[in-house]
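**Student:** Protein chains in written order, with this note's numbering: chain A, 17 to 173; chain B, 17 to 173.
Where a beta carbon is used, it is the ideal one built from N, C-alpha and C, also for glycine.
2 protein chains.
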Amino acid sequence: MARPKETLVPTTPHVEGDEDIGEIRSIVGFHIRLAHGATYRHFTETFTDIDLTQKQVSVLWLIDDHPDIAQTDLAHRMRMDRATTMAIVNRLQDRGYLVRGASLTDRRKQTLNLTDAGRDALAKAKDAILEHERWLKSRFTDQEVEMLIEMLTRIHE
Amino acid sequence: MARPKETLVPTTPHVEGDEDIGEIRSIVGFHIRLAHGATYRHFTETFTDIDLTQKQVSVLWLIDDHPDIAQTDLAHRMRMDRATTMAIVNRLQDRGYLVRGASLTDRRKQTLNLTDAGRDALAKAKDAILEHERWLKSRFTDQEVEMLIEMLTRIHE
DNA sequence: GAGGATTGTCAGTGCAACATACAATAACAT
DNA sequence: ATGTTATTGTATGTTGCACTGACAATCCTC
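#1: Using a Cβ-Cβ distance cut-off of 8 Å, determine whether Ala164(B) contacts chain A.
#2: Using a Cβ-Cβ cut-off of 7 Å (strictly less than) and excluding sequence neighbours within five positions of Thr62(B), which residues of its own chain qualify?
#3: Locate the alpha helix (DSSP H) running through Leu164(A), then write down its first and last residues.
#4: Beta-carbon within less than 8 Å of Ser119(A)'s beta-carbon, same chain only, minus the 5 sequence neighbours each way: which residues are those?
#5: Which chain B residues sit within Cβ distance under 8 Å of Phe59(A)?
#6: Can you give me, in chain order, the residues of the segment 129-149 of chain A that have a beta carbon less than 7 Å from any beta carbon in chain B?
#7: Which residues does DSSP pair with Ala118(B) in a beta bridge?
#8: Listed in chain order, which residues of the segment 112-123 of chain A have Cβ atoms closer than 7 Å to some Cβ of chain B?
#9: Taking 6 Å as the limit between beta carbons, can you name the residues of its chain near Ala137(B), skipping five residues before and five after?
#10: If we count Cβ pairs, one from each stretch, closer than 8 Å, do we get three or more for the segment 160-173 of chain A versus the segment 98-114 of chain A?
#11: Please list the partners that Arg49(B) has in chain A, where partner means a Cβ-to-Cβ separation under 7 Å.
#12: Distance, Cα to Cα, Gly117(B) vs Arg123(B)?
#13: Put Ile66(B) into one of helix, strand or coil per three-state DSSP.
#14: What does Lys153(A) touch in chain B if you count any residue whose Cβ is under 8 Å from its own?
#15: Going by C-alpha to C-alpha distance, which of Val75(A), Val44(A), Lys71(A), His58(A) sits closest to Gln70(B)?
#16: Which of the residues in the segment 71-87 of chain A, read from start to end, lie with their CB under 7 Å from any CB of chain B?
#17: Quick check on this structure: which residue in Leu152(A), Asp67(A), Asp97(A) has the alpha carbon closest to the alpha carbon of Glu173(B)?
#18: Going by alpha carbons, who is nearest to Thr131(A) out of Gln109(A), Lys140(A), Thr121(A)?
#19: Is there at least one Cβ from chain A nearer than 8 Å to Val105(B)'s Cβ?
#20: At the 8 Å Cβ level, is Met167(A) part of the contact set with chain B, yes or no?
#21: So, under 8 Å CB-CB, Ala51(B) and Ile48(A) are touching, yes? Tell me the CB distance rounded to an integer number of Å.
#22: Compare the C-beta of Ile66(B) with all C-beta atoms of chain A and state if any pair is closer than 8 Å.
#23: Against chain B, with Cβ distances strictly below 8 Å, would Arg95(A) count as a contact?
#24: Helix, strand or coil for Ile48(A) per DSSP?
#25: Hey, quick one: how far does the alpha helix (DSSP H) through Phe104(A) stretch, first residue to last?
#26: What are the boundary residues of the alpha helix (DSSP H) that includes Ile145(A)?
#27: Determine, using beta carbons only, whether Arg170(B) comes closer than 8 Å to chain A.
#28: Quick one: is Thr55(A) buried, meaning 16 or more other Cβ sit within 10 Å of its Cβ, or exposed?
#29: Out of Ala141(A), Leu168(A), Asn129(A), which one is the CA nearest neighbour of Asp81(A)?
#30: For the alpha helix (DSSP H) that contains His82(B), what are its first and last residues?
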């Protein structure tokens, strides 16, 4: 069967640089998802050597800021449920970045604390975060950054 | 890698209702992730009956806007890779919401089009999206919404 | 002490992002 | 035309993470 070079109806008139997404463009949630995706991608690129995810860094960071924190408290601050939190804590514990301890005040609770390795990893991660943030903030003035954070906070708080 | 010991807030005592997240608060990426999480959670709540994810709705929507679109083109517009796109298209196809067809112009390509069921699901989804968007936009003035979208676009475009 | 709530754990499910490999096809250089 | 390279879709496997529902231990209230 010969293949005539049929120049039929071009599927979508696909002009170079045509990335129009139509009416969906006006949907805020859509842009949040795309922005999150772009941010996440750049994050993982920046963190290839360190091999930590956004979530994991955030958890390390919060534990460092709040020693002896309980998993439920951590979950609450991160807006995660208990099961998800446990999965992340498990991963971090397996890698020797944190230790679980017994709470003195409530025997149901576990205290979470970083190990030296965890603190070390967090320090490296914070450097990488600064790099990542520079990439992110390069699009905005200081005032815009402030406004963006404020608006995003209105969504998640 | 001698790094000046960061002078951090002393261990924040844990008062009732203390949800402070410390210095991490100034990290834009952190807020994007939290806002995305909050948005995603509300989305899934709004969509329990319809049983579609953000991603799936976006794909249906884009296919509806661009009939005969190829998977690669779709992937590009959604900022996904081919494998991820295929997984989503497969799921949607299994549920009878779209069909793959042969492209007339390039036999490597598949054309994607919605079925009637797909169009129906999309119509319902759009209603739910409006509801979801109302929830999202209730925090902002029209002008702020516009600014937020513009800023988020700067990140993902 | 009994009943209810909280905390951590565990098992299972689903989505989605990634990498890798492969076959078919198209595009291109010579 | 021929061989090389690029593109497109597919298949497979891994990882992360969010959710559900169940469970035991513990705490709190009455």
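**Tutor:** Let me spell this out:
#1: Strictly speaking, residue 164(B) in this sequence is Leu, with Ala absent from that position. Yes, because at least one Cβ of chain A sits closer than 8 Å to the Cβ of Leu164(B).
#2: Ala144, Glu147, His148
#3: 158-172
#4: Asp84, Ala86, Lys125, Gln126, Thr127
#5: Gly45
#6: Ala139, Ile145, His148, Glu149
#7: Gln126(B)
#8: none
#9: Tyr113
#10: no
#11: His52, Gln70
#12: 10 Å
#13: coil
#14: Val44
#15: Val44(A)
#16: Ser74, Trp77, Leu78, Asp81, His82, Pro83
#17: Leu152(A)
#18: Gln109(A)
#19: no
#20: yes
#21: 6 Å
#22: no
#23: yes
#24: helix
#25: Before going on, a small fix: residue 104(A) reads as Ile here, not Phe. Note, Ile104(A): alpha helix (DSSP H), 98-110.
#26: 132-153
#27: yes
#28: buried
#29: Asn129(A)
#30: Note, His82(B): premise wrong, no alpha helix (DSSP H); not H, not E.
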